[in-house]
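The numbering of the sequence shown is my numbering, which starts it at -17 and goes up by one.
For every residue, glycine included, the Cβ atom is placed at its ideal position computed from N, Cα and C.
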Amino acid sequence: MKTKYGDEKTKLIPVPQEKEFFTLFEKQAQKLFEVSKILDEILNNFSDRQKIADEFSNLEHSADEITHKLIEKLNKTFITPFDREDIHFLAHEIDDIIDLTEAAVGKMLLYKIESLTPELKEQIRTLKNAIILISELTKSLNNLNELRKQSWKFVEVNHLENQGDKLLREALNNLINGSSLNAVFDLIRWKEVYESLEEAIDKCEDVANIIESILIKNS
-17 MKTKYGDEKT KLIPVPQEKE FFTLFEKQAQ KLFEVSKILD EILNNFSDRQ KIADEFSNLE
43 HSADEITHKL IEKLNKTFIT PFDREDIHFL AHEIDDIIDL TEAAVGKMLL YKIESLTPEL
103 KEQIRTLKNA IILISELTKS LNNLNELRKQ SWKFVEVNHL ENQGDKLLRE ALNNLINGSS
163 LNAVFDLIRW KEVYESLEEA IDKCEDVANI IESILIKNS
């Protein structure tokens, strides 16, 4: 996007209307960070499952409101800091990370998962780390110089997604071959939980790719 802010498009200096987009993306970044804290809570103490469910439900609703405000702002604004399609896509994909994570945790509660297997703990930890990176990248959207310095995080998110794929394969292999999980229902419920978490990890990579594309287009 050609800009009136100087020859180098390394930092987006927003006019008031444009600044509102970055403020809303920063709010989305904060919601992602809050998701990571809940995942940390699950890893450290999964006994109060109803409390965790309530926290996620409230967070998901407030995150939806931010996304709606972003799209509403987009529909009413002529000048945008970067491509309209990118803003629209990014806003929804960030929201999808939260939705998919809530869905995965919801399945853990629905299927009455009371203790975390080593594979499940590692999946949750991988997702948490990916979400933290996405939160930091999203927060830096208003400063391309700063975002460029964090380009290693794009590679790290990709690494975490690959790690998530490997964890899913290992978890399903252990599930099928494990002597303590022979019941069909056990196979189904654990498989759904593992796959739901992997879907959320995959979505983190999708968002990283969108942000990296925005950086390339505006550099």
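Could you tell me which of the options sits nearest to residue i, measuring between CA atoms?
i	options	result
Asn27	Ile198, Asp81, Lys103	Lys103
Pro100	Ile34, Lys9, Ser178, Glu152	Glu152
Ser133	Ala165, Glu8, Ile196, Val166	Ile196
Pro63	Leu123, Val166, Lys131, Ala35	Leu123
Phe7	Ile69, Lys131, Glu128	Ile69
Asp168	Ala112, Glu187, Tyr93	Tyr93
Thr5	Val17, Lys121, Ile193, Ile113	Lys121
Asp46	Lys9, Lys33, Ile34, Asp30	Lys9
Glu0	Ala35, Asp65, Glu194	Asp65
Since residue i and residue j should fall inside the 8 Å C-beta cutoff, what is the C-beta to C-beta distance between them, to a whole number of angstroms?
i	j	result
Glu75	Val189	5 Å
Tyr176	Leu142	About 16 Å separates the two Cβ atoms, so there is no contact after all.
Thr108	Leu149	6 Å
Glu37	Ile20	6 Å
Val139	Leu115	5 Å
Ser18	Ile106	At roughly 10 Å, the Cβ-Cβ gap does not stay under 8 Å, so Ser18 and Ile106 are not in contact.
To the nearest angstrom, how far is the alpha carbon of residue i from that of residue j?
i	j	result
Thr(-8)	Asn200	Any reading at Thr(-8) must be qualified, since the residue scores a pLDDT of 44, below 50, and its modelled position is unreliable; the value itself is stated next. Straight-line Cα distance between these residues: approximately 7 Å.
Lys110	Lys58	34 Å
Ala11	Leu72	12 Å
Lys13	Ala85	16 Å
Ser39	Glu54	23 Å
Asn159	Gln145	21 Å
Leu56	Glu23	35 Å
Gly88	Ser44	17 Å
Asp78	Leu126	24 Å
Leu25	Phe60	45 Å
Phe15	Leu91	22 Å
Ile95	Lys185	23 Å
Leu119	Ala182	17 Å
Thr83	Leu41	11 Å
Glu2	Leu52	9 Å
Ser97	Ser117	28 Å
Asn206	Ile198	The chain is shown from -17 up to 201; residue 206 falls before or after that span and cannot be answered.
Leu179	Ile80	11 Å
Val166	Lys173	11 Å
His50	Gln32	27 Å
Ile170	Ser29	23 Å
Glu187	Lys131	18 Å
Along the chain, where does the alpha helix (DSSP H) that runs through residue i open and close?
i	result
Tyr93	Tyr93 -> no alpha helix (DSSP H), and no H or E assigned at all.
Ile113	100 to 121
Ser39	31 to 58
Ile183	166 to 199
Asp147	134 to 159
Asn127	126 to 131
Taking 8 Å as the cut-off, is the CB of residue i close to at least one heavy atom of the ligand FAD?
i	result
Glu181	For the ligand FAD, the structure offers nothing, since it holds no ligand at all.
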